[in-house]
Amino acid sequence: MKRYYVSVTETLNKVVSVDAESEKEAKQKVQEAYDNSDIILGSDNFAGETIEIEEDDQYYKSTDNEYDGYYQHID
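Here numbering that gives the first Met the number 0 is used: the first residue of the sequence shown is 0, the next is one more, and so on.
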């Protein structure tokens, strides 16, 4: 049986409103608020997931061996 390394990526999404002179300024203000933890995303903001086979299995295999079972294993 072959071992596969599979990535699970969750996406969180939250829409906020901001007053600004331009789109650029709006993005900057929101980025700053996010960086300052003024915007918190949690499980209520779940927007989906992707599950994909990792192609570079040699990298993951060597890391798994080097750190004695680094990745969670599913039977």
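In this text, a Cβ means the ideal position worked out from N, Cα and C, and glycines have one as well.
Backbone secondary structure at residue i - three-state DSSP
| i | result |
| --- | --- |
| residue 54 | coil |
| residue 6 | strand |
Residue i versus residue j: straight-line alpha-carbon distance, rounded
| i | j | result |
| --- | --- | --- |
| residue 69 | residue 23 | 41 Å |
| residue 53 | residue 45 | 23 Å |
| residue 26 | residue 34 | 12 Å |
Unbroken beta strand (DSSP E) run spanning residue i, endpoints
| i | result |
| --- | --- |
| residue 14 | That residue, residue 14, is in no beta strand (DSSP E); it is neither H nor E in DSSP. |
Endpoints, the alpha helix (DSSP H) within which residue i is located
| i | result |
| --- | --- |
| residue 34 | 22-34 |
Residues that DSSP places opposite residue i in a beta bridge
| i | result |
| --- | --- |
| residue 68 | The partner list for residue 68 (beta bridge, DSSP) is empty, contrary to what the question assumes. |
| residue 62 | For residue 62, which the question treats as bridged, DSSP gives no partner whatsoever. |
| residue 47 | 10 |
Check: Do the segment 7-16 and the segment 33-48 touch if we need at least three Cβ pairs shorter than 8 Å?
Finding: The answer is yes - the segment 33-48 touches the segment 7-16, with three or more Cβ pairs under 8 Å.
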